[in-house]
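Protein chains in written order, with this note's numbering: chain A, 1 to 212; chain B, 1001 to 1212.
There are 2 protein chains.
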Amino acid sequence: MKAEHDARGDTRRKILDLAETLLLSRGFNAFSYQHISAGLGVRNAAIHYHFARKTDLGVALIERYRRRFARFIAAQAGLTPAEQLERYFTLTDSYFQRQQICPSGILSAELQTLPPEMQQAGGLFVAEMRAWAVDIVARGQADGSMQYAGSAAGMGALMFASMQGALQLARFDEAAIASVKRQLRQLLGLAAEADNTNNSNNTATTHEESQQ
Amino acid sequence: MKAEHDARGDTRRKILDLAETLLLSRGFNAFSYQHISAGLGVRNAAIHYHFARKTDLGVALIERYRRRFARFIAAQAGLTPAEQLERYFTLTDSYFQRQQICPSGILSAELQTLPPEMQQAGGLFVAEMRAWAVDIVARGQADGSMQYAGSAAGMGALMFASMQGALQLARFDEAAIASVKRQLRQLLGLAAEADNTNNSNNTATTHEESQQ
DNA sequence: GCGACTCTACTTACCGGTCAGTAAGGTGTC
DNA sequence: GACACCTTACTGACCGGTAAGTAGAGTCGC
């Protein structure tokens, strides 16, 4: 009766999940189909069955990120700007704990060696992330909960860039993320958080997708 | 009388120079000895003669950066913190113009795939860069020329992280660097610069080394 | 002032391993 | 029997790295 009927699309999802881990920890150029096939106990050609070229896999990963990020944003529509900021910080922490960097970081670092399709999809993803960062500080400024010099566009760009940078630099100095987060709160005129915003289930970023 | 006596050590320097360009534009994993040998018109084995393993080449590149950065700092010992900040910004611009990202960015992004020797050398380099950033804002705060919330350590870390991030994100959106620079000046309480701090010769970063 | 030797800086010609990608065949399910 | 989902078996390109040979310039004894 076959305990594992391997619900259709299961392997494809496993490939994406493992490829995502590899992408964020090693980069696109530094993982191979062999890494994936060895990790999943299937053959090289099985990966090619689902993703004919590595480019297809890369694009699928980025598109999945974009959908996930859209849901991440939508899921916290009701929160205050300050709360949304903390969610953003929590997301960054969860990358760090897995020894990963954020997708935008690896995509921009490797950009010139990536296939054009991935460059294009990456551009859209990065624009969406920056827009969200700008939106948070713009609303925070508008409702008076955040005060800072300069423009919302500048502050959002700074926030996005500094968190991406901090996540990378944390590989050398693990204090980098906490240090940058603390400084950003100060510059936004926010009370310093306990820095353990431990709502015990921060599942927002790890949800799996049923989608192909 | 041999027009080209190829002053001893010349090839070695050419290898380092081309490898540096490749490292900052493509990353360490995405360039090969073939790229270098083809670019210089020599054979693969000639590169191995000077740098037996790719790891040796990578470490040599980082060590050269560290020496260059030390001279970069020393050369502007007399300047005010604000002037030093602008030099830092100019350095970032010059990377962007060459379609490169900063060494610390590529090293941290690829860190987990780099040989241990490079990880170690990279760690020292990154620590030196961050220390310099902290030093600038600490002295700026001390002499009253910069005012900002939070600590000098936090502000320096933020500055370093955000410039590294901005340089990467500029590959998708070229306005990122100017935007982040402008915001940093605002947050430091500095008057907005003309943003073309064009002292026509900003050679500080491009100086060649005679050293091996 | 010249042959013998040494050293640097390469060259040619390889090596085994890994890469992404392909062709053809098998197997279980509807 | 059509189809989804694999497998086995392979290809050519490229990877970092190595062994052996060589051209030329400098150095030495004599």
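Even for Gly, the Cβ is constructed at its ideal location relative to N, Cα and C.
Please go through the same chain and pick out, in chain order, the residues whose beta-carbon is closer than 7 Å to the beta-carbon of LEU1057(B), but skip the five residues on each side of it.
The residue you call residue 1057(B) lines up with position 57 of the second sequence. The residues are ALA1019 and PHE1051.
With a cut-off of 8 Å on the beta carbons, I'd call LEU188(A) and VAL134(A) a contact; round off their distance for me.
Along the first sequence, one-based indexing puts residue 188(A) at 188. Along the first sequence, one-based indexing puts residue 134(A) at 134. Rounded, the Cβ-Cβ distance is 13 Å, inconsistent with contact.
Is the beta carbon of SER37(A) sitting closer than 8 Å to the one on ASN44(A)?
Numbered from 1 along the first sequence, position 37 holds the residue referred to as residue 37(A). Numbered from 1 along the first sequence, position 44 holds the residue referred to as residue 44(A). Result yes, Cβ atoms of SER37(A) and ASN44(A) sit closer than 8 Å.
What residues of chain B sit near SER25(A), judged by a beta carbon separation below 9 Å?
Translated into the one-based positions of the first sequence, residue 25(A) becomes position 25. Those are GLN1112 and THR1113, listed as they occur along chain B.
Would you mind sorting GLU110(A) into buried or exposed? The rule is 16 or more other CB atoms within 10 Å of its CB.
Locating residue 110(A) in the first sequence gives position 110, counting from the first residue. It counts as buried.
If you count every other CB in all the chains shown that lies within 10 Å of the CB of ASP1093(B), and 16 or more means buried, which is it?
As a working mapping, residue 1093(B) is identified with position 93 in the second sequence. Label assigned to ASP1093(B): buried.
When DSSP labels each residue in this structure, what does SER145(A) get in the three-state scheme?
Taking the first residue of the first sequence as 1, we reach residue 145(A) at position 145. Here DSSP, grouped into helix, strand and coil, assigns SER145(A) to coil.
If you measure from the beta carbon of VAL1134(B) to each beta carbon in chain A, is any gap under 8 Å?
As a position in the second sequence, residue 1134(B) is number 134, starting the count at 1. Not one beta carbon of chain A lies nearer than 8 Å to the beta carbon of VAL1134(B).
Integer Cβ distance of SER960(B) from SER162(A), believed to fall under 8 Å:
Past the edges of chain B, shown from 1001 to 1212, lies residue 960(B), and the structure says nothing about it.
So, are the CB atoms of GLN1168(B) and ILE1101(B) less than 8 Å apart?
Residue numbering aside, residue 1168(B) sits at position 168 when the second sequence is read from its first letter. Residue numbering aside, residue 1101(B) sits at position 101 when the second sequence is read from its first letter. Contact flag set, yes.
Neighbouring residues, chain A, relative to VAL1137(B) (Cβ below 7 Å):
Taking the first residue of the second sequence as 1, we reach residue 1137(B) at position 137. The premise fails here: VAL1137(B) is roughly 10 Å from chain A at the closest Cβ pair, so nothing lies under 7 Å.
Are PHE69(A) and GLU128(A) close, meaning C-beta to C-beta below 8 Å?
The residue given as residue 69(A) occupies position 69 in the first sequence. The residue given as residue 128(A) occupies position 128 in the first sequence. Yes; because the gap between Cβ atoms is below 8 Å, this pair is in contact.
Quick check on PRO81(A): buried or exposed, where buried means 16 or more other Cβ atoms within 10 Å of its Cβ?
The residue you call residue 81(A) lines up with position 81 of the first sequence. Its Cβ being crowded by 16 or more others within 10 Å, PRO81(A) is buried.
Can you give the Cα-Cα distance for ALA1075(B) and GLY1122(B), rounded to whole angstroms?
Counting from one through the second sequence, the residue named residue 1075(B) turns up at place 75. Counting from one through the second sequence, the residue named residue 1122(B) turns up at place 122. Going by the C-alpha atoms only, they are around 22 Å apart.
Secondary structure at LEU1016(B), three-state DSSP: helix, strand or coil?
Mapped onto the second sequence, residue 1016(B) falls at position 16. Three-state DSSP puts LEU1016(B) in a helix.
Applying a beta-carbon distance threshold of less than 8 Å, which residues of chain B neighbour MET155(A)?
Within the first sequence, numbered from 1, the residue matching residue 155(A) stands at position 155. Chain-order list of chain B residues neighbouring MET155(A): GLN1183, by C-beta distance under 8 Å.
Cβ of ALA1149(B) less than 8 Å from any chain A Cβ?
Taking the second sequence and counting its residues from 1, the one referred to as residue 1149(B) is at position 149. For ALA1149(B), the nearest CB of chain A lies under 8 Å from its own CB, placing it at the interface with that chain.
Between which two residues does the alpha helix (DSSP H) holding LEU91(A) run?
Here the question's residue 91(A) lines up with position 91 in the first sequence. Looking at the DSSP string, the run of the alpha helix (DSSP H) that includes LEU91(A) is 81 to 97.
Rank GLN1112(B), VAL1059(B), ASP1010(B) and PHE1096(B) by C-alpha distance to the C-alpha of PHE1125(B) and give the top, closest one.
By one-based count along the second sequence, residue 1125(B) stands at place 125. Residue VAL1059(B) is the option with its Cα nearest to PHE1125(B).
Using a Cβ-Cβ cut-off of 6 Å (strictly less than) and excluding sequence neighbours within five positions of ARG66(A), which residues of its own chain qualify?
Taking the first sequence and counting its residues from 1, the one referred to as residue 66(A) is at position 66. Excluding the 5 residues flanking it on each side, ARG66(A) has same chain C-beta neighbours closer than 6 Å at PHE125, in chain order.
Quick check on GLU1117(B): does DSSP put it in helix, strand or coil?
Reading the second sequence from its first residue, position 117 is the one you call residue 1117(B). Correct three-state label for GLU1117(B): helix.
Straight-line gap, PRO116(A) to TRP132(A) (C-alpha atoms, nearest Å):
As a first step, residue 116(A) is located in the first sequence; it is residue number 116 there, counting from the start. As a first step, residue 132(A) is located in the first sequence; it is residue number 132 there, counting from the start. Taking the straight line joining both Cα atoms gives about 25 Å.
Beta-carbon proximity check, GLN1112(B) vs GLN99(A), cutoff 8 Å:
In the second sequence, the residue the question calls residue 1112(B) occupies position 112. In the first sequence, the residue the question calls residue 99(A) occupies position 99. Taking 8 Å as the Cβ cut-off, GLN1112(B) and GLN99(A) qualify as a contacting pair.
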